[in-house]
Amino acid sequence: MAEQNHLYLVDGSSYIFRAYHRLPPLTNRHGTPAGAVYGYTAMLWKLADGLNKADGPTHMAVILDASEETHRNKMYDQYKANRPPPPEDLIPQFPLIRVATRAFSIPCIEENGLEADDIIACYTYAAVRAGWKVTIVSSDKDLMQLVDEGKVDMLDTMNDRRIGVTEVLEKFGVGPEKVGDVLALMGDSVDNVPGVPGIGPKTATQLIQQYGDLETVLASTHEITKPKLKQNLIEHAEMARLSRRLVELVCDSPLPEPLEDLALKGIPPEPLREFLEDQGFKSLLNRVGKDGGASSGGARPIDVMASRPAPSAKPAEKEKITVDRTQYEAVVTEEALDRWIAEAKAQGYVAIDTETDNLDNITAKLAGVSLATQPNKACYIPIGHVGGDLLSDAPKQLPADLVLGKLKPLFEDPAVLKIAHNLKYDWVMFAKAGIDVAPYDDTLVMSFDLDAGRSNHGLDELAQAHFEHECISFKSVCGVGAKQISFDKVPLDAATEYAAEDADICLRLWLRLKPRLTEEGLTRVYQMVDRPLVATVGKMERRGIKVDRDYLAKLSGTFATEIAALEQRVYEAANGPFTIGSPQQLGQVLFDRLGLQGGRKGKSGQYSTDVNELERLAGEGVDVARLVLDWRQLTKLKSTYTDALQAQINAQTKRVHTSYSLSGAQTGRLASTEPNLQNIPIRTEIGRQIRDAFVAEPGHVLMSADYSQIELRLAAHMADVPQLKEAFAKGEDIHAMTAEELFGTVDRDTRGKAKTVNFAILYGISSWGLAGRLGVPKDEGKAIIDRYFTRFPGIRAYIDETLAFVRENGFTRTLFGRKTHFPNIRAPNPSFRAGAERAAINAPIQGTSADLIKRAMNRMDDALLEAGLDDVRMLLQVHDELVFEVPEGKEEAAASVVRKVMANAAEPALKLDVPLDVEVGWGPNWGAAH
DNA sequence: CGCGTCACG
DNA sequence: GACGTACGTGACGCGT
Numbered sequence: 001m002a003e004q005n006h007l008y009l010v011d012g013s014s015y016i017f018r019a020y021h022r023l024p025p026l027t028n029r030h031g032t033p034a035g036a037v038y039g040y041t042a043m044l045w046k047l048a049d050g051l052n053k054a055d056g057p058t059h060m061a062v063i064l065d066a067s068e069e070t071h072r073n074k075m076y077d078q079y080k081a082n083r084p085p086p087p088e089d090l091i092p093q094f095p096l097i098r099v100a101t102r103a104f105s106i107p108c109i110e111e112n113g114l115e116a117d118d119i120i121a122c123y124t125y126a127a128v129r130a131g132w133k134v135t136i137v138s139s140d141k142d143l144m145q146l147v148d149e150g151k152v153d154m155l156d157t158m159n160d161r162r163i164g165v166t167e168v169l170e171k172f173g174v175g176p177e178k179v180g181d182v183l184a185l186m187g188d189s190v191d192n193v194p195g196v197p198g199i200g201p202k203t204a205t206q207l208i209q210q211y212g213d214l215e216t217v218l219a220s221t222h223e224i225t226k227p228k229l230k231q232n233l234i235e236h237a238e239m240a241r242l243s244r245r246l247v248e249l250v251c252d253s254p255l256p257e258p259l260e261d262l263a264l265k266g267i268p269p270e271p272l273r274e275f276l277e278d279q280g281f282k283s284l285l286n287r288v289g290k291d292g293g294a295s296s297g298g299a300r301p302i303d304v305m306a307s308r309p310a311p312s313a314k315p316a317e318k319e320k321i322t323v324d325r326t327q328y329e330a331v332v333t334e335e336a337l338d339r340w341i342a343e344a345k346a347q348g349y350v351a352i353d354t355e356t357d358n359l360d361n362i363t364a365k366l367a368g369v370s371l372a373t374q375p376n377k378a379c380y381i382p383i384g385h386v387g388g389d390l391l392s393d394a395p396k397q398l399p400a401d402l403v404l405g406k407l408k409p410l411f412e413d414p415a416v417l418k419i420a421h422n423l424k425y426d427w428v429m430f431a432k433a434g435i436d437v438a439p440y441d442d443t444l445v446m447s448f449d450l451d452a453g454r455s456n457h458g459l460d461e462l463a464q465a466h467f468e469h470e471c472i473s474f475k476s477v478c479g480v481g482a483k484q485i486s487f488d489k490v491p492l493d494a495a496t497e498y499a500a501e502d503a504d505i506c507l508r509l510w511l512r513l514k515p516r517l518t519e520e521g522l523t524r525v526y527q528m529v530d531r532p533l534v535a536t537v538g539k540m541e542r543r544g545i546k547v548d549r550d551y552l553a554k555l556s557g558t559f560a561t562e563i564a565a566l567e568q569r570v571y572e573a574a575n576g577p578f579t580i581g582s583p584q585q586l587g588q589v590l591f592d593r594l595g596l597q598g599g600r601k602g603k604s605g606q607y608s609t610d611v612n613e614l615e616r617l618a619g620e621g622v623d624v625a626r627l628v629l630d631w632r633q634l635t636k637l638k639s640t641y642t643d644a645l646q647a648q649i650n651a652q653t654k655r656v657h658t659s660y661s662l663s664g665a666q667t668g669r670l671a672s673t674e675p676n677l678q679n680i681p682i683r684t685e686i687g688r689q690i691r692d693a694f695v696a697e698p699g700h701v702l703m704s705a706d707y708s709q710i711e712l713r714l715a716a717h718m719a720d721v722p723q724l725k726e727a728f729a730k731g732e733d734i735h736a737m738t739a740e741e742l743f744g745t746v747d748r749d750t751r752g753k754a755k756t757v758n759f760a761i762l763y764g765i766s767s768w769g770l771a772g773r774l775g776v777p778k779d780e781g782k783a784i785i786d787r788y789f790t791r792f793p794g795i796r797a798y799i800d801e802t803l804a805f806v807r808e809n810g811f812t813r814t815l816f817g818r819k820t821h822f823p824n825i826r827a828p829n830p831s832f833r834a835g836a837e838r839a840a841i842n843a844p845i846q847g848t849s850a851d852l853i854k855r856a857m858n859r860m861d862d863a864l865l866e867a868g869l870d871d872v873r874m875l876l877q878v879h880d881e882l883v884f885e886v887p888e889g890k891e892e893a894a895a896s897v898v899r900k901v902m903a904n905a906a907e908p909a910l911k912l913d914v915p916l917d918v919e920v921g922w923g924p925n926w927g928a929a930h
């Protein structure tokens with residue numbers, strides 16, 4: 001039985017865009033990063049399911065746009081130039097299209113230099129010549145040119161509508177063979193095809209109906225009576241001809257794969273099941289095998305985002321892997337490099353890692369780049385290696401310019417997902433080389449979002465924890481201590497094993513962690529908050545902040561003099577010299593030599609000499625104690641700030657570049673290191689001087705914007721405390737209001753106490769601790785807490801609910817879904833347990849605050865750009881504060897944008913019951929900006 | 001490398 | 001009744 005073959009050509013690229021915007025669950029204001037892929041998967045299933053049915057496919061292929069420029073760009077550089085970049089949460093879905101298609105065992109075709117429309121045209125003509133029927137699965141009006149009665153039709157799966165000649169006539173008023181002429185006249189704003197001004201669909205159709213084709217219209221302008229139309233046709237004749245060529249489909253290119261290879265053989269369940277499990281598409285998963293494809297009840301939306309109660313009290317089972325390092329390849333020829341790049345493109349994702357000569361990525365130079373496309377399939381591309389010593393030559397390697405020139409299109413290819421572990425480091429390295437890595441995933445950030453509080457997130461540790469695999473250690477490759485060598489001196493074979501393994505492990509980790517994000521309800525915080533932050537923070541680190549070295553040196557000198565004077569006075573008062581900086585010696589001097597009373601010994605058997613103890617003694621009139629306190633303050637300021645900060649000024653940029661750890665704080669906060677710019681003094685006048693060393697470039701000011709009492713506001717919202725919410729709404733003094741509620745009167749004393757109590761609440765209160773802080777008996781501390789809970793019952797409920805949840809689940813969540821795990825919440829040791837409980841009460845509040853400022857940071861550069869303030873630069877984040885460098889004269893404009901972005905950071909995901917108040921100030925330096 | 005101390009939010 | 005005495009960080013100096 002010679003049934004007629006029927007080829008279905010799926011326009012994958014256009015489908016995913018429409019699915020993203022139009023699928024019902026995706027009108028959801030957050031979007032879901034797998035939503036468009038889900039729609040695509042469901043659509044593909046429905047189509048492939050039609051095998052053996054009337055008018056169903058016998059052959060099928062998905063056609064994609066290769067990202068390269070096409071001949072149309074050469075004709076017209078404005079072609080598709082007005083396309084906005086795809087939405088951020090759509091980008092990571094592009095590569096998944098290929099993965100999904102492969103899961104159905106359906107060919108996926110793309111070709112450099114050809115758009116999907118052209119490939120579709122080529123296949124359509126070829127199939128028609130072979131006597132086949134063709135259905136083009138798309139609703140792109142350009143493709144309507146291909147429709148042919150009884151041979152070629154289109155299928156718009158969004159509306160489940162067949163498009164034949166009748167439908168084309170309906171839409172264009174002309175047959176398919178004239179559609180190109182109509183399009184040429186009316187233009188196409190989506191592809192930026194110019195057309196002729198003043199001519200829209202109606203006029204274009206009317207003209208083509210009257211004259212037959214474009215050339216005849218252009219040759220007949222003398223007959224046209226409307227003067228403006230006539231003039232436009234004459235003036236823009238060339239644009240119309242150009243437009244005609246732009247909409248012309250290429251139909252004579254060789255087929256990348258022969259027609260017969262597109263035969264549909266049903267849907268083998270296995271790769272499909274794996275893909276659906278990986279994506280967490282549960283309702284589709286239920287259909288695998290069960291109905292053998294019978295159910296085409298359409299795609300039932302959607303459980304992508306359904307956050308099932310996660311069994312996350314215990315981490316997932318280990319999965320033992322076998323790493324075969326002999327399969328790794330050192331890439332030293334152009335042919336090999338091209339082969340790896342092609343492999344990565346075909347795969348749609350690639351794990352990457354960079355090796356450098358230096359850990360400081362602001363000054364480091366690239367030693368090489370490793371890629372991994374599949375487990376055990378990884379390579380290392382050396383580009384900056386030198387000889388191991390003066391006598392040996394550099395190994396054979398490709399020129400760095402050539403390698404980076406070839407990697408750039410891959411690393412910037414929107415259809416290829418780049419995966420790295422701690423991408424921020426690599427991102428900065430590539431940014432220096434003019435490469436903007438995108439789209440990307442970061443397995444460090446994924447691991448942090450999934451397992452904060454119950455796991456470390458280093459690649460080597462994760463390899464051990466997830467795969468029972470021991471990575472080659474950096475030390476074994478580069479050595480330790482004085483004998484340590486930089487990576488660019490490591491011999492090529494050892495470098496390849498080490499570097500390729502990192503990319504290999506990273507890829508395997510990604511495969512393992514990715515599906516857990518949806519399963520555990522973490523896609524939002526990952527996709528919308530932490531993942532974009534990699535690039536946001538990378539930019540800030542590269543910018544750095546200017547520090548006035550001379551000023552710091554002067555301050556160091558002043559401190560040194562004062563410290564020396566204090567030392568002499570301490571020795572006099574203590575009857576002899578000793579090492580003041582040694583708590584051990586100081587304790588002995590105070591409590592043994594001087595015989596002071598009340599020395600407390602801790603578990604180390606050492607006297608405590610901390611600030612509380614010394615303050616107590618100083619209050620009792622012990623001069624040494626006061627002198628030591630002053631000495632400590634000054635030595636701390638000198639060693640940690642005035643001296644250390646000078647050494648941190650980068651020789652190349654003359655600025656200080658901190659590094660922000662994205663996984664540093666379990667609550668979701670950032671942590672700043674080398675140097676820590678989140679603990680620059682402010683609380684004392686003498687320490688505050690250090691802030692004046694942070695300055696703006698000439699012609700600029702530093703601007704500081706900070707959230708006012710953000711954690712208390714969030715507590716008011718989350719615990720639903722009407723009095724607090726009302727006070728914030730009215731802009732009242734919140735501590736005074738608390739004092740009124742607690743003590744019935746407001747004065748300096750009660751307001752101070754109320755402030756302490758408010759903070760105690762945020763930190764997980766204990767009556768003992770509060771009593772100690774307030775310096776009152778513990779009974780009174782307890783009474784105050786009881787009164788607080790009576791006045792603000794929501795607080796009690798919040799604490800009880802939070803504790804009940806964390807005891808049940810082992811983790812807490814912020815308002816945006818961020819998890820923090822508390823393995824100690826059921827610890828037998830009561831002190832561990834109590835500590836976990838206090839931390840668990842605090843984590844949702846501190847973490848939500850972190851989520852908010854991160855959202856603001858991710859949006860800031862775009863908002864500034866939109867306001868024409870692209871020369872305003874966000875430099876630092878200090879938990880509830882952002883610091884900017886602003887050109888003089890633009891302060892007010894910048895302040896307004898910054899305030900707006902920060903104040904609206906919760907929206908549109910959340911509507912808070914309290915306003916977020918942002919205080920903005922500026923001046924020549926950080927100190928003056930407050 | 002652990003501890004104590006102290007800088008910040 | 002034991003436990004330890006507020007949440008989250010990072011850097012420095014001392015002493016081992």
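In terms of UniProt numbering, the first sequence has 167 at position 167, counting the first letter as 1, and numbering is strictly consecutive. We treat Cβ as the ideally placed atom computed from N, Cα and C, and that holds for glycine.
Between residue 515 and the rest of its own chain, which residues show a CB-CB distance below 6 Å, the 5 nearest in sequence each way excluded?
278, 280
Considering Cα atoms alone, identify which of 922, 558, 184, 920 is closest to residue 634.
558
Integer-rounded CB distance, given that residue 825 should sit under 8 Å from residue 833
7 Å
Contacting residues, own chain, Cβ-Cβ under 8 Å from residue 943 (five flanking each side not counted):
Any answer about residue 943 is impossible in this case: the structure gives the chain only from 1 up to 930.
State the Cα-Cα distance for the pair residue 211 and residue 249, rounded to the nearest angstrom.
22 Å
Beta-carbon proximity of residue 390 to residue 422, cut-off 8 Å
no
Residue 225: which of 207, 361, 473, 144 sits nearest, CA to CA?
207
Do three or more CB pairs link the stretch 498-508 to the stretch 366-375 at distances below 8 Å?
yes
By the 10 Å Cβ neighbour count, where 16 or more other Cβ atoms means buried, how is residue 439 classified, buried or exposed?
buried
Tell me the rounded alpha-carbon separation between residue 785 and residue 770.
8 Å
Give the straight-line distance between the Cα atoms of residue 645 and residue 675, rounded to the nearest whole angstrom.
7 Å
Is residue 222 buried or exposed, if buried means 16 or more other CB atoms sit within 10 Å of its CB?
exposed
Which runs of the alpha helix (DSSP H) spanning at least 4 residues fall entirely within the stretch 660-717, listed in chain order?
685-688
Sort 590, 173, 877 by Cα distance to residue 626 and report the nearest one.
590
Best match in 247, 227, 100 for proximity to residue 214 [C-alpha to C-alpha]
247
From residue 870 to residue 905, what does the alpha carbon distance come to, in whole angstroms?
20 Å
Residue 217: which of 227, 200, 240, 201 sits nearest, CA to CA?
240
In this structure, does DSSP put residue 874 in helix, strand or coil?
strand
Could you give the first and the last residue of the continuous beta strand (DSSP E) run that contains residue 418?
417-420
Closest to residue 697 by C-alpha separation, out of 95, 527, 545, would be which residue?
545
Does the distance from the CB of residue 8 to the CB of residue 40 come in under 8 Å?
no
Can you tell me whether residue 622 is helix, strand or coil according to DSSP?
coil
Can you have a look at residue 29 and say buried or exposed, based on whether 16 or more other CB atoms are within 10 angstroms of its CB?
Since pLDDT at residue 29 reaches only 30, below the 50 mark, its modelled position is unreliable, and no value is offered.
Cα separation between residue 313 and residue 850?
Reliability of the predicted coordinates at residue 313 is poor, the pLDDT of 44 falling under 50, and the value obtained from them is presented with this limitation in mind. Whole-angstrom Cα-Cα distance: 24 Å.
Compare the C-alpha of residue 452 against each of 410, 741, 323, 847 and name the closest.
847
Check each candidate in 145, 669, 163 and name the one with the smallest Cα separation from residue 178.
145
Taking only three categories from DSSP, how would you classify residue 366?
strand
Check whether the stretch 351-365 touches the stretch 416-430, taking contact to mean three or more Cβ pairs, one atom from each stretch, closer than 8 Å.
yes
Could you have a look at residue 378 and say whether DSSP puts it in helix, strand or coil?
strand
With 16 other Cβ atoms within 10 Å as the buried cut-off, status of residue 352:
buried
In chain order, what residues of the same chain have a beta carbon less than 8 Å from the beta carbon of residue 688, not counting five sequence neighbours either side?
681, 682, 927
Does the stretch 643-660 touch the stretch 606-614, meaning 3 or more C-beta pairs lie closer than 8 Å?
no
Between the alpha carbons of residue 143 and residue 155, how many angstroms are there, rounded?
11 Å
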